[in-house]
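To start, the structure under review is shown below, and the notes come after it.
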Amino acid sequence: MSFKDLKDAIAKHSAEPTDESKQALTDGLTKYEKELQDLEAANKPPEKYDLKRPDTDYVTDEDLKEFEERARKAGMNNAAAQAILDRIHEARKTQTERLAKAEKDQTVKWGEEVDRRWPGEKKNPLLAKSKQFFDRFGSDALKQFLGTGIGNNPDLIEAAAKAFDEGKFGEDKAGDGNKAGEAKDAEAKKIAEMKKGLGLENLDKL
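Following this line, the structure appears as structure tokens:
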């Protein structure tokens, strides 16, 4: 029964009270009260949420558990909580896809910049020195980081190649322990300075 129907029943009984109008009013009040109770129950948090999480990494099991706690505190029913969870999933998915595209575009731009700075065969020795430098001194975490596309950064390539040249790696003679140790310390210092300048000094701690 709608609120308007209930008002009409009250008005009719008030204007001309009869047993029939009284019964109609009583039935209407009972029905309206039940509808209100059902509505209130439908908008209360359930004893246990039954939320569907897409089979992706955008919303983890830990995320879902935390979200259910927040939804319960906010007084959300299952339908409202599910709708918001779906929106969170879509937002994270969109953000991840945008970031991936931006990283891919940046990697392409860096590659084009490398070709512009060192056209043709000029880039090959530079790339070789840079690779040897990181193969020898880069931690596993740093090498993994370079594999994400940052390794195409022309400034990083140039800095690594320069460090390789200045260090004269591999030229120490066997038997000259002191010089070899001094050279190694100097190399380590240059590597640390280069990482700090590029903001990569914390990668070895990952």
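Numbered according to our numbering, the sequence shown spans residues 2 to 207. Using N, Cα and C, we set each Cβ at its ideal position, and we do this for glycine too. Here the structure is a predicted model, which is why all the values come from computation and not from measurement.
Below 8 Å CB to CB, which residues in the same chain sit around D51 once its five sequence neighbours on both sides are set aside?
N79
Does DSSP put D56 in a helix, a strand or coil?
coil
Cα separation between E21 and E67?
55 Å
Give a yes or no on whether the C-beta atoms belonging to P155 and E114 are separated by under 7 Å.
yes
What is the DSSP secondary structure of P216, counted as helix, strand or coil?
What is shown of the chain runs 2 to 207, which leaves residue 216 out entirely.
Does the Cβ-Cβ distance between A160 and F134 come in under 7 Å?
no
Who are the near neighbours of K49 in its chain, counting only those whose CB is closer than 8 Å to its CB and skipping five residues on each side?
none
What residues in its chain sit with their C-beta under 6 Å from that of E69, if we drop five residues either side in the sequence?
Y50
Could you check whether the stretch 56 to 66 touches the stretch 89 to 101, counting it as contact only if at least three pairs of C-beta atoms, one from each stretch, sit closer than 8 Å?
yes
Measure the C-alpha to C-alpha separation of K163 and P126 and round it to an integer number of angstroms.
11 Å
Is G76 a contact residue of the ligand FAD, with contact defined as CB to any heavy atom under 6 Å?
Inclusion of the ligand FAD in the displayed structure is not the case, the ligand content being empty and no account of it being possible.
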